[in-house]
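K.L.:
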Amino acid sequence: MTSEQIRTLASLMLEYIPPTLKLFGFTLLYSIPLGMIVALLKMCRFKPISWLTNLYILIMRGTPLLLQIIVVYYSVPILRMNEKCPAGLKSLLDRVEIRDSYMFRMILVAFVLNYAAYFAEIFRGGIEAIPKGQHEAAGALGFSKLQTFFRIILPQVFKRVIPASSNEIITLVKDTSLAYAMGYMEIMYIAKKQMSLYSSLVPLFLAGLFYFIAATLLTLLFAFIEKKLSYYK
Amino acid sequence: MAMLEVNNLSKSFDKLEVLKDISFNVEKGEVVAVIGPSGSGKSTMLRCVNQLEKADGGTIKVCGTDMLVKNSSGKTVYTDTKTLRDIRLKTGLVFQNFNLFPHMSVLRNITEAPVCVLKQDKKKAKENAMELLKKMGLESKASAYPCELSGGQQQRVSIARALALSPEILFFDEPTSALDPELTGEILKVIKELAAEGMTMVIVTHEMAFARDVADKVIFMENGYIVEMGAPEQLFGEDASERVKQFLQRFNS
Numbered sequence: 001m002t003s004e005q006i007r008t009l010a011s012l013m014l015e016y017i018p019p020t021l022k023l024f025g026f027t028l029l030y031s032i033p034l035g036m037i038v039a040l041l042k043m044c045r046f047k048p049i050s051w052l053t054n055l056y057i058l059i060m061r062g063t064p065l066l067l068q069i070i071v072v073y074y075s076v077p078i079l080r081m082n083e084k085c086p087a088g089l090k091s092l093l094d095r096v097e098i099r100d101s102y103m104f105r106m107i108l109v110a111f112v113l114n115y116a117a118y119f120a121e122i123f124r125g126g127i128e129a130i131p132k133g134q135h136e137a138a139g140a141l142g143f144s145k146l147q148t149f150f151r152i153i154l155p156q157v158f159k160r161v162i163p164a165s166s167n168e169i170i171t172l173v174k175d176t177s178l179a180y181a182m183g184y185m186e187i188m189y190i191a192k193k194q195m196s197l198y199s200s201l202v203p204l205f206l207a208g209l210f211y212f213i214a215a216t217l218l219t220l221l222f223a224f225i226e227k228k229l230s231y232y233k
Numbered sequence: 234m235a236m237l238e239v240n241n242l243s244k245s246f247d248k249l250e251v252l253k254d255i256s257f258n259v260e261k262g263e264v265v266a267v268i269g270p271s272g273s274g275k276s277t278m279l280r281c282v283n284q285l286e287k288a289d290g291g292t293i294k295v296c297g298t299d300m301l302v303k304n305s306s307g308k309t310v311y312t313d314t315k316t317l318r319d320i321r322l323k324t325g326l327v328f329q330n331f332n333l334f335p336h337m338s339v340l341r342n343i344t345e346a347p348v349c350v351l352k353q354d355k356k357k358a359k360e361n362a363m364e365l366l367k368k369m370g371l372e373s374k375a376s377a378y379p380c381e382l383s384g385g386q387q388q389r390v391s392i393a394r395a396l397a398l399s400p401e402i403l404f405f406d407e408p409t410s411a412l413d414p415e416l417t418g419e420i421l422k423v424i425k426e427l428a429a430e431g432m433t434m435v436i437v438t439h440e441m442a443f444a445r446d447v448a449d450k451v452i453f454m455e456n457g458y459i460v461e462m463g464a465p466e467q468l469f470g471e472d473a474s475e476r477v478k479q480f481l482q483r484f485n486s
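Protein chains in written order, with the working numbering: chain A, 1 to 233; chain L, 234 to 486.
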């Protein structure tokens, strides 16, 4: 490829960064709070809830994300057509409009469900790692359970889960490329298309460069956050 | 007036009975030391009174308010959640391992409960906290974090934290067991000062000399029972039971 071509290619590919970041950002926005809720449900003392949550986590972590994306994506049209589909579910599915944003929403649902399971396990580990004495001291000072969780426990959990979460978040940047399989127009999609067009590996190299830079920036960001939080042990 | 009335308190962990028929009173302004060998149930007794463990039987009355009672069908039940919380605010607890909140500054450790639980004005809570820190000789450490303090300083902060809620009665669960002898002295001095001010206190301790000096009443526990209870002169004197003498001998040698 000539340098002129590469420049044109690069500026074209830049346009596909926002959809990639959109999927990345919204996945984090929903999967982190959902992960916290799932973690709390798993620690629930009412066993059936804990078991169900565990089953959900097992399935999400035990099957490929790509498969989950395909299942979620096609579930609506396929189940709708199925005659055996229960009426209640069918009327619910009928309410899902298959319009422009359908693809993004379905991919997002799959990503959020998958990542929430991973975050849940990280958060649960973080919550359980806080010494019992912290709960006891808070209780003895008259804090309610809710106050104890939000004021005493959660801030400490936040610090503890940063290293493991940063791992997940960096993986997520790269996992967004799986949306390419559904035809979602992100970086991987355009790279593959341009590769065929030019019969060149340069588009793939540029895509790789994007992921690499994004992952590096995140690494630096988390190193910074960890340092900021190092004022206490 | 009795600040604490414990009657026939019992507690088991699975099949292991750790407290059997514990009864004692603590009067206003009284300092009670609880001594005895490890595993005798001293800490569990303190934890039951502070609602950190659930008692199985008996009654507990704190500052005249029923906390644990026998209901009409003879079952041991706790009072309602709100009353339990009110009782917690009347009692303070100092732990062996301090249990300060590591993510908060020393000042915030002390003001957090008054501000969030008692809804005290922030400024007032701060002033009060600084006063307490001054009393503990730690005014210069207000903005430090617990990990930057020595064990003795951390324990003094945790005492200030408990005092910030102006408790009617203060409990200490082996407050010096995690400290070296020099730092132990710091803490014992603080407790002595509190005693001189008339603070009602129950102290689980292995510091025998301290118990003899400061306590108005000493409770000797073993195997979940109160073996002997009385004035320090009695327990540390010639009239004490053989078991108590035998136990104390190890500390004197």
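All C-beta atoms, glycine included, are put in the ideal place defined by N, C-alpha and C.
With DSSP collapsed to three states, give me the class of Ser101/A.
P.N.:
coil
K.L.:
Can you tell me which of the three DSSP states Thr292/L falls into?
P.N.:
Strand, per DSSP.
K.L.:
For Leu9/A, which option in Ser196/A, Ile213/A, Tyr232/A, Lys159/A has the closest C-alpha, if you only look at C-alpha atoms?
P.N.:
Ser196/A
K.L.:
DSSP three-state label for Asp472/L, please.
P.N.:
Residue state, collapsed to three classes: coil.
K.L.:
Quick check: is the beta carbon of Leu427/L nearer than 9 Å to any beta carbon in chain A?
P.N.:
no
K.L.:
Which residues share a DSSP beta bridge with Ala266/L?
P.N.:
Ile436/L, Val451/L
K.L.:
Expressed to the nearest angstrom, what Euclidean distance is found between the alpha-carbon atoms of Phe405/L and Leu421/L?
P.N.:
11 Å
K.L.:
According to DSSP, what are the bridge partners of Ile255/L?
P.N.:
Leu242/L.
K.L.:
Can we say the segment 454-467 of chain L touches the segment 245-260 of chain L, given the rule of at least three CB pairs closer than 8 Å?
P.N.:
yes
K.L.:
Measure the C-alpha to C-alpha separation of Gln353/L and Gln284/L and round it to an integer number of angstroms.
P.N.:
24 Å
K.L.:
Are Asp446/L and Lys425/L touching if we call contact CB-CB under 9 Å?
P.N.:
For Asp446/L and Lys425/L, yes; Cβs fall inside 9 Å.
K.L.:
Using three-state DSSP, classify Leu412/L as helix, strand or coil.
P.N.:
Of the three classes helix, strand and coil, the one that applies to Leu412/L here is coil, per DSSP.
K.L.:
Let me check understanding here. Comparing Cα to Cα, which of His439/L, Val295/L, Cys281/L, Gln479/L lies closest to Lys261/L?
P.N.:
Val295/L
K.L.:
Which word fits Asn361/L, buried or exposed, when buried means at least 16 other C-beta atoms lie within 10 angstroms of its C-beta?
P.N.:
Asn361/L should be labelled buried.
K.L.:
Kindly list the residues whose CB is nearer than 6 Å to the CB of Glu407/L, restricted to its own chain and excluding five residues on each side of it in sequence; keep chain order.
P.N.:
Gln329, Val437
K.L.:
For Leu79/A and Leu89/A, I'd like the C-alpha separation in whole angstroms.
P.N.:
9 Å
K.L.:
Tyr378/L versus chain A: which residues are under 7 Å apart at the beta carbon?
P.N.:
Tyr231, Tyr232
K.L.:
I want to verify the contact list: residues of chain L whose CB lies under 8 Å from the CB of Leu65/A, in sequence order.
P.N.:
Result: empty, since nearest Cβ-Cβ is about 34 Å, beyond 8 Å.
K.L.:
Among Glu430/L, Ala235/L, Gly297/L, Val302/L, which one has its Cα closest to the Cα of Gly488/L?
P.N.:
There is no way to answer for residue 488/L, as the model of chain L reaches only from 234 to 486.
K.L.:
If Ile107/A sits next to Tyr56/A, beta carbons under 8 Å apart, how far is it from one beta carbon to the other, in whole angstroms?
P.N.:
Going by Cβ atoms, the distance from Ile107/A to Tyr56/A rounds to 19 Å, so no, they are not a contact pair.
K.L.:
One question on the structure: do Phe222/A and Ile162/A come within less than 9 Å of each other, judged by their Cβ atoms?
P.N.:
yes
K.L.:
Would you mind listing the alpha helix (DSSP H) stretches within the segment 3-66 of chain A that are 4+ residues and don't spill past its ends, in chain order?
P.N.:
3-14, 17-42, 47-62
K.L.:
Measure the alpha-carbon distance for Lys193/A versus Tyr180/A and round it to whole angstroms.
P.N.:
Within the model, the alpha-carbon separation for Lys193/A versus Tyr180/A is close to 11 Å.
K.L.:
Anyone know if the C-beta pair for Ile181/L and Leu242/L falls short of 9 Å?
P.N.:
Examination of residue 181/L is not possible in this model, given that chain L is present from 234 through 486 alone.
K.L.:
For Ile130/A, does the three-state DSSP call read helix, strand or coil?
P.N.:
coil
K.L.:
DSSP state of Val310/L, grouped into three classes?
P.N.:
strand
K.L.:
Can you pull the chain L residues whose beta carbon is under 8 Å from the beta carbon of Glu83/A, in chain order?
P.N.:
Under the 8 Å cutoff, chain L gives no residues; its nearest Cβ is about 53 Å from Glu83/A.
K.L.:
Residue range of the alpha helix (DSSP H) that Phe328/L falls in?
P.N.:
Where Phe328/L is concerned, there is no enclosing alpha helix (DSSP H), because DSSP gives it neither an H nor an E.
K.L.:
Quick one: using the 10 Å Cβ neighbour count with 16 as the cut-off for buried, is Thr298/L buried or exposed?
P.N.:
exposed
K.L.:
Could you give the residue range of the beta strand (DSSP E) that holds Asp299/L?
P.N.:
Element bounds for Asp299/L: 298-303.
K.L.:
With DSSP as the reference, label Met185/A as helix, strand or coil.
P.N.:
Coil.
K.L.:
From the DSSP output, in three-state form, read off Asp406/L for me.
P.N.:
strand
K.L.:
Taking only beta-carbon atoms, is Phe328/L less than 9 Å away from chain A?
P.N.:
Yes, its Cβ sits closer than 9 Å to a Cβ of chain A.
K.L.:
When the Cβ atoms of the segment 65-81 of chain A are set against those of the segment 134-152 of chain A, are three or more pairs found closer than 8 Å?
P.N.:
no
K.L.:
Specify the secondary structure class of Tyr118/A as computed by DSSP and reduced to three states.
P.N.:
helix
K.L.:
Whose Cβ in chain A lies nearer than 8 Å to the Cβ of Asn332/L?
P.N.:
In chain order: Pro131, Gly133, Gln134, Glu136, Ala137.
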